[in-house]
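Student:
Residue numbers (the working numbering): 42 to 322.
#1: Starting from residue 165, trace the beta strand (DSSP E) in both directions and tell me its first and last residue.
#2: Taking residue 110 as the reference, which of 100, 136, 277 has the closest Cα?
#3: Based on Cα-Cα distance, which residue from 259, 164, 223 lies nearest to residue 206?
#4: Residue 57 and residue 72: beta carbons closer than 8 angstroms?
#5: Between residue 150 and residue 177, what straight-line distance do the alpha-carbon atoms span, to the nearest angstrom?
#6: Please check the pair residue 197 and residue 102, which I expect to be a contact at CB under 8 angstroms, by giving their CB distance rounded to whole angstroms.
#7: Does DSSP put residue 191 in a helix, a strand or coil?
#8: Let me know the secondary structure DSSP gives residue 102 once reduced to three states.
#9: From which residue to which residue does the beta strand (DSSP E) around residue 243 run?
#10: Between which two residues does the beta strand (DSSP E) holding residue 203 run?
#11: For residue 305, count neighbouring Cβ atoms within 10 angstroms of its own Cβ and tell me buried if that reaches 16, exposed if not.
#12: Would you check if the segment 207–217 and the segment 129–145 touch, i.e. whether three or more CB-CB distances between them fall below 8 angstroms?
#13: Of all Cβ atoms in chain B, is any one closer than 8 angstroms to the Cβ of residue 195?
#14: Pairs of beta-carbons, one from the segment 180–196 and one from the segment 115–130, closer than 8 angstroms: are there three or more?
#15: Beta strand (DSSP E) containing residue 268: first to last residue?
#16: What are the residues that DSSP puts in a beta bridge with residue 232?
#17: Verify whether the separation of the beta carbon atoms of residue 276 and residue 236 is less than 8 angstroms.
#18: Under 8 angstroms, do residue 168 and residue 303 count as touching if we go by C-beta distance?
#19: Where does residue 127 fall in DSSP's three states?
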């Protein structure tokens with residue numbers, strides 16, 4: 042939040058204890074909320090806000106008749122990707138409607154784009170921070186209609202395409218397995234590269250994403266596999282399959298059989314959407 046006053050208003054509206062110092066770097070004051078899935082959401086005000094680190098001077102790019110780089114070979118440093126910040130997270134949940142309402146109504150996030158299942162029900166909401174006339178990332182948080190409550194992936198911003206590519210090269214040499222990439226998304230426009238971590242969770246390096254201020258209206262689109270990227274290799278099946286252990290499998294079956302918000306109907310709708318080739322604008 043932007044001020045201690047906003048934090049106090051949030052605590053009062055949510056019926057939580059008053060803001061208190063948090064044992065976190067930067068010595069913030071914060072409140073602890075719980076979303077409809079029981080996920081802890083810590084909202085904090087930092088007395089000193091850290092700006093993004095400087096990436097250094099961008100390399101000149103030769104582009105058609107514009108050729109500013111001469112006698113200077115381009116040699117990106119052979120280093121792991123410089124992570125600038127945590128850019129966004131995707132939360133899967135069978136309780137989609139209640140979860141989306143919480144993050145929109147309680148935390149004030151704005152839907153940048155919403156994707157719908159073939160029957161018209163919303164399935165994915167890309168939510169951004171409301172910074173008024175100041176641009177914010179296309180999405181900071183995503184709510185996805187999925188059978189299990191889980192962080193589907195976390196995404197980390199890196200400086201540019203070379204950082205995405207060289208970072209992937211280093212990860213590959215270290216034995217990591219690519220989940221999908223490199224490509225450019227449609228919704229959000231980021232250059233992306235997804236990898237599997239040691240625990241099986243996916244993480245993403247991205248660069249060059251869209252920025253919207255609060256005046257940008259929400260876009261509505263049909264969900265489809267073709268709508269995942271403007272250009273990229275084919276989407277591997279492993280990228281779309283949820284990470285599940287035996288306990289997760291038991292929960293999945295219970296959810297499907299008890300119509301918890303994600304039953305067999307939703308499973309069929311999701312499979313139908315992933316066979317679609319429709320493209321967002």
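Glycine residues also receive a C-beta, built at the ideal position from the N, C-alpha and C atoms.
Tutor: In terms of the structure at hand:
#1: 163–169
#2: 100
#3: 223
#4: yes
#5: 11 angstroms
#6: About 24 angstroms; that fails the 8 angstroms criterion.
#7: strand
#8: coil
#9: 243–248
#10: From DSSP, residue 203 is part of no beta strand (DSSP E) but of the alpha helix (DSSP H) over 202–214.
#11: exposed
#12: no
#13: Note that chain B does not occur in the displayed structure, where there is just one protein chain.
#14: yes
#15: Residue 268 -> no beta strand (DSSP E), and no H or E assigned at all.
#16: 225, 248
#17: no
#18: no
#19: strand
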